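Reviewing the structure listed below.
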Amino acid sequence: MRDEPSGADLLDAARRALTEEVVPGLTGRPRYVALMVANAIGIAAREIAEGDRQRGTTERVLAGQSAADLVEAIRSGARDADPDLHAALSAAADVAAQIWKPAAPSAAAQDDGRSRA
Numbered sequence: 012m013r014d015e016p017s018g019a020d021l022l023d024a025a026r027r028a029l030t031e032e033v034v035p036g037l038t039g040r041p042r043y044v045a046l047m048v049a050n051a052i053g054i055a056a057r058e059i060a061e062g063d064r065q066r067g068t069t070e071r072v073l074a075g076q077s078a079a080d081l082v083e084a085i086r087s088g089a090r091d092a093d094p095d096l097h098a099a100l101s102a103a104a105d106v107a108a109q110i111w112k113p114a115a116p117s118a119a120a121q122d123d124g125r126s127r128a
């Protein structure tokens with residue numbers, strides 16, 4: 012059972028209040044700081060909202076092995092031609108980009124030629 016609104020929803024409401032009601036009355040450094048805080052709140056809200064997807068892509072990348080073993084396999088070139096790993100890493104990067112920079116085009120959109128970055 013989940014309580015509503017969710018933590019992500021509360022953070023989004025706080026971010027909107029900050030950007031719509033507080034920031035317009037600020038100038039200079041205080042405005043810049045408030046916008047940085049709003050951006051950080053947005054990132055935190057998206058991390059919460061995308062947590063399950065982020066964990067799922069991490070599990071796909073690791074595929075049952077430890078992070079240290081995967082790093083060693085990548086460094087040694089043992090997984091260079093592994094299409095499953097490439098797809099999992101691309102999916103993980105897309106989720107991370109949607110959290111940290113939601114306006115960024117996804118790898119899938121770039122591959123399809125739909126994005127003009």
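As numbered in this note's numbering, residues 12 to 128 make up the sequence shown, in order.
Backbone N, C-alpha and C fix where the C-beta goes; we use that ideal spot for every residue, glycine too.
Bear in mind the structure is a predicted one, so any value in this text is a computation, not a measurement.
{"query": "In this structure, does DSSP put S126 in helix, strand or coil?", "result": "Legend: pLDDT at S126 = 47, less than 50; position of this residue unreliable, no value from coordinates given."}
{"query": "How long is the line joining the alpha carbons of I52 and L22, rounded to whole angstroms?", "result": "6 angstroms"}
{"query": "Would you identify the three-state DSSP class for P113, choosing helix, strand or coil?", "result": "coil"}
{"query": "Using the Cα positions of T69 and E32, report the straight-line distance between them to the nearest angstrom.", "result": "38 angstroms"}
{"query": "Residues in the same chain with beta-carbon distance under 6 angstroms from T30, minus the five sequence neighbours each way, listed in chain order, please.", "result": "A49"}
{"query": "Please go through the same chain and pick out, in chain order, the residues whose beta-carbon is closer than 7 angstroms to the beta-carbon of W111, but skip the five residues on each side of it.", "result": "I54"}
{"query": "By the three-class DSSP mapping on this structure, what secondary structure does T30 have?", "result": "helix"}
{"query": "Taking Cβ to Cβ, would you say A45 is nearer than 7 angstroms to V34?", "result": "yes"}
{"query": "Does the Cβ of S126 have 16 or more other Cβ atoms within 10 Å, making it buried, or fewer, making it exposed?", "result": "Confidence is the limiting factor: at S126 the pLDDT is only 47, short of 50, which leaves the residue's position unreliable, though a coordinate-based value still follows. The residue in question, S126, is exposed, as its Cβ has fewer than 16 Cβ neighbours within 10 Å."}
{"query": "Would you mind sorting D105 into buried or exposed? The rule is 16 or more other CB atoms within 10 Å of its CB.", "result": "buried"}
{"query": "Between the Cα of A108 and those of R90, R64 and A92, spot the shortest distance and give me the residue it belongs to.", "result": "R64"}
{"query": "How far does the alpha helix (DSSP H) with R40 in it extend, from its first residue to its last?", "result": "G39 to A60"}
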